[in-house]
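Per my numbering, the sequence shown runs over residues 101 to 728.
Beta carbons are placed, not taken as given, at the ideal position from N, Cα and C, and that holds for glycine.
The block underneath contains the structure these notes are about, expressed in structure tokens.
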Amino acid sequence: MCGIAGFCNHPTNWEKNILKMNERMHHRGPDAGGIWASDDEKVVLGHRRLSIVDLSENGAQPMHSASGRYVCVFNGEIYNYKKIRDKLLAEGKVRAFRGGSDTEVLLEAFEAYGVKETIAMCKGMFAIALFDKITGKLTLIRDRIGEKPLYYGFVNHNFVFASDIGSIRVLEDFHNEIDTKVLQIYFIHGYIPAPYSIYKDIYKLDAGCMLEIEAPYQKPKISTYWSVREIAKYGEAHPFRGTQKEAADELERLLRASIREQMVADVPVGAFLSAGIDSSTIVALMQAEASNKVRSFTIGMEDPKYNEAVYAKEIAKYLGTEHTELYITAQDAKAVIPKLAGIFGEPFADSSQIPTYLVSKMTREHVTVSLSGDGGDELFCGYLSYSSIQRIWGKMKGVPYGLRKFCSRLLIHCPLIKNNQILQTKSYLLGAKSAEHLYELSNAQEASNVNIALEREVYPYKHNSNPYGDLKDPQSSIMLMDMEVYHPDDILVKVDRAAMAVSLETRVPLLDKDVVEFAWTLPIEYKKQGESGKLVLRDVLYRYVPKEIMDRPKKGFSIPITQWLREPELRGWAESLIDRATLIQQGILNADEVWRIWNDFIENGNWRIQIWYILMFQSWMIKEWCRA
């Protein structure tokens, strides 16, 4: 786990600037740093290292292939690197390796098999920058699911890239403006989805994509080497034919293989345990694979409505893990809020970012690597919203679309329901064309009634540009929508940035390539029946943990942020961020609309989600954009 950065054709002091980029992402790699420049100084690479595998200098980066042709900076882990190493040795492609790092294996595989074939055989999470000294080609590669971040773009017409958008921001010739066309998307979702970023001319490389750029380094070529949409379509066309028990057998086998590979490290390894199905399954299988007690970590809240720590402790006791828990106070959580803008580098407003940071900080005091259970909801139909969408669409679809659309438009503009948020919402959803469209509208409906940003133009992105109906099953289509946008651009961003802020590497066994591809072959009835989701995943878990221990309502990984914002301490902080004069001077948000929403929130409790989106944007504006 590390941070990578670099640029091409930088016109001024390249060494000073790459060192500034490295320093900005010191938290991603506190153990060591390195830089490299091509002989003509046209291509420069930087690296910060968090030592996980091969702690010696043999693992230092930037790293050169044995022949000297390739130089690479790499963030992430290749979990099956030992198999690739053995293949290289068996085929005589490499006589011996200098060290034991996956980076060295990557480099030699690139030289032996080429980039595309090497990436096809790699299982892991990664952001890679590879420079070919012979051709002058720079290649950027991001992992299949989007676990590791990779930003790229142009600063003063010069190509740049980095793991941390803040590392691009510190370049001395950075003058990129805020891209206001992404704000409509941000105020719908609370994050900025790939390929966009908050800055003009700076982008996120999409998951499963590869970027190639050659001298004079002005026109990048982007290609897709793996697509979750294509995997989902293939899985539906070639479904698993066995029984549900046989499906659970195969899932258990794949998960144990994934966990076995992901437990390999030269530093201490543990796991987050939230008491949910996903993390409990991961910890249970880890303990089954381990010869010693697994380290598990949980945070608890004083408020029982938000506290699952007592259940996590019960699960840990049953499994026999070495369990650590930390009960946090409201003050602990509130103290994180001023740090968020710097941690995420651009506006990001999933409030579970706060407990994620706190559990990561606590975990890092004991281990350097932690496995998590992320991905279970999106792969195995776990969210309650999937059931509600199916239920609502089942009632709506019998009414002709033209009639529903007419009624929707009529009701939305009806003065009688103008101030009734619930009726406005229902009126808006009435105009859905399909179950997928209904899901899209359900995410966007609140924002549709407000004009938070002054800029009204919006970019196309996966939710409004991908065609509906690629999959026959509506719930599978909705899961696919989440796997393409919500999962990589919210969940994985949250986990990566919060954990790396404290130099903790997180690994996600459920996102193993083989597990993901298998999950998409499973019939929906193996995942969900009625209101109960994750059926086949539960089948695996119940082989290790009694059903009685797990059967309880999920509380989620959340905090009472709405309550806190209405209390004097945070209310004062919030109102200082949305000071009317400040908003007018910035010229980005609609001051009248922001204050209408704020007052409605304070008086009636409405707009709870949008308020946090606004505050996180303003916090970023003041801490990152407006800083000296």
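Close Cβ partners of residue i (< 7 angstroms) along its chain, the five nearest in sequence each way excluded
| i | result |
| --- | --- |
| residue 347 | 340, 622, 626, 636 |
| residue 661 | 451, 712 |
| residue 418 | 645, 649 |
| residue 150 | 101, 102, 128, 129, 130, 131, 603, 605 |
| residue 507 | 530 |
Nearest neighbour of residue i, chosen from the options [CA to CA]
| i | options | result |
| --- | --- | --- |
| residue 480 | 583, 502, 454 | 583 |
| residue 256 | 109, 363, 698, 722 | 109 |
| residue 710 | 136, 684, 284, 215 | 284 |
| residue 612 | 190, 148, 352, 172 | 352 |
| residue 312 | 248, 215, 349 | 215 |
| residue 533 | 368, 515, 500, 517 | 500 |
| residue 240 | 171, 492, 430 | 171 |
| residue 135 | 126, 150, 119 | 119 |
| residue 564 | 469, 163, 293, 717 | 293 |
| residue 430 | 163, 458, 445 | 458 |
| residue 335 | 349, 168, 620 | 620 |
| residue 221 | 726, 181, 723, 551 | 181 |
| residue 254 | 237, 320, 194 | 320 |
| residue 693 | 640, 673, 552 | 552 |
For residue i, the first and last residue of its enclosing beta strand (DSSP E)
| i | result |
| --- | --- |
| residue 274 | Taken as a continuous stretch (DSSP letters only), residue 274 belongs to no beta strand (DSSP E), as it is neither H nor E. |
| residue 599 | It is not in any beta strand (DSSP E) - residue 599 instead sits in the alpha helix (DSSP H) that spans 592-600. |
| residue 304 | 302-304 |
| residue 132 | 132-137 |
| residue 312 | 309-313 |
| residue 323 | 321-324 |
| residue 232 | 224-232 |
6 angstroms Cβ shell around residue i - same chain, five flanking residues per side excluded
| i | result |
| --- | --- |
| residue 454 | 433, 436, 659 |
| residue 562 | 584, 585 |
| residue 610 | 475, 476 |
| residue 644 | 384 |
| residue 628 | 481 |
| residue 105 | 121, 146, 262, 267 |
| residue 721 | none |
| residue 594 | 450, 453, 456 |
| residue 323 | 310 |
Close-in-space but distant-in-sequence residues of the same chain around residue i (CB under 8 angstroms, 5 per side omitted)
| i | result |
| --- | --- |
| residue 356 | 385, 388, 389 |
| residue 354 | 612, 614, 615, 618 |
| residue 327 | 308 |
| residue 624 | 481, 573, 575, 576 |
| residue 671 | 665, 702 |
| residue 554 | 280, 687, 688, 689, 690 |
| residue 695 | 678, 680 |
| residue 675 | 698 |
| residue 512 | 524, 527, 528 |
Beta carbon of residue i nearer than 8 angstroms to that of residue j
| i | j | result |
| --- | --- | --- |
| residue 227 | residue 242 | yes |
| residue 252 | residue 303 | yes |
| residue 540 | residue 281 | no |
| residue 426 | residue 401 | no |
| residue 298 | residue 447 | yes |
| residue 633 | residue 411 | no |
| residue 560 | residue 467 | no |
| residue 535 | residue 490 | yes |
| residue 148 | residue 159 | no |
| residue 608 | residue 247 | yes |
| residue 381 | residue 473 | yes |
| residue 377 | residue 638 | yes |
| residue 224 | residue 179 | yes |
| residue 504 | residue 496 | yes |
| residue 596 | residue 162 | no |
| residue 152 | residue 365 | yes |
| residue 265 | residue 543 | no |
| residue 464 | residue 270 | no |
Terminal residues of the alpha helix (DSSP H) in which residue i lies
| i | result |
| --- | --- |
| residue 501 | 501-512 |
| residue 268 | 265-269 |
| residue 563 | 562-565 |
| residue 336 | 328-337 |
| residue 419 | 409-419 |
| residue 82 | Any property of residue 82 remains undetermined from this structure, which presents the chain solely from 101 to 728. |
Any non-hydrogen atom of the ligand MN closer than 7 angstroms to residue i Cβ
| i | result |
| --- | --- |
| residue 104 | The ligand MN is absent from the structure shown, which contains no ligand whatsoever. |
Open item on the list: Is it the case that the segment 197-210 contacts the segment 389-409, given that we only count it when at least three CB pairs across the two stretches are under 8 angstroms?
Closed with: no
Open item on the list: When you compare the segment 528-548 with the segment 246-266, are there three or more beta-carbon pairs, one atom per stretch, that lie closer than 8 angstroms?
Closed with: Too few Cβ pairs lie closer than 8 angstroms, so no.
Open item on the list: Assess contact between the segment 110-124 and the segment 137-152, defined as three or more Cβ pairs (one per stretch) separated by less than 8 angstroms. Is contact present?
Closed with: yes
- [ ] Specify whether the segment 192-205 and the segment 266-278 touch according to this definition: at least 3 beta carbon pairs, one from each stretch, less than 8 angstroms apart.
- [x] no
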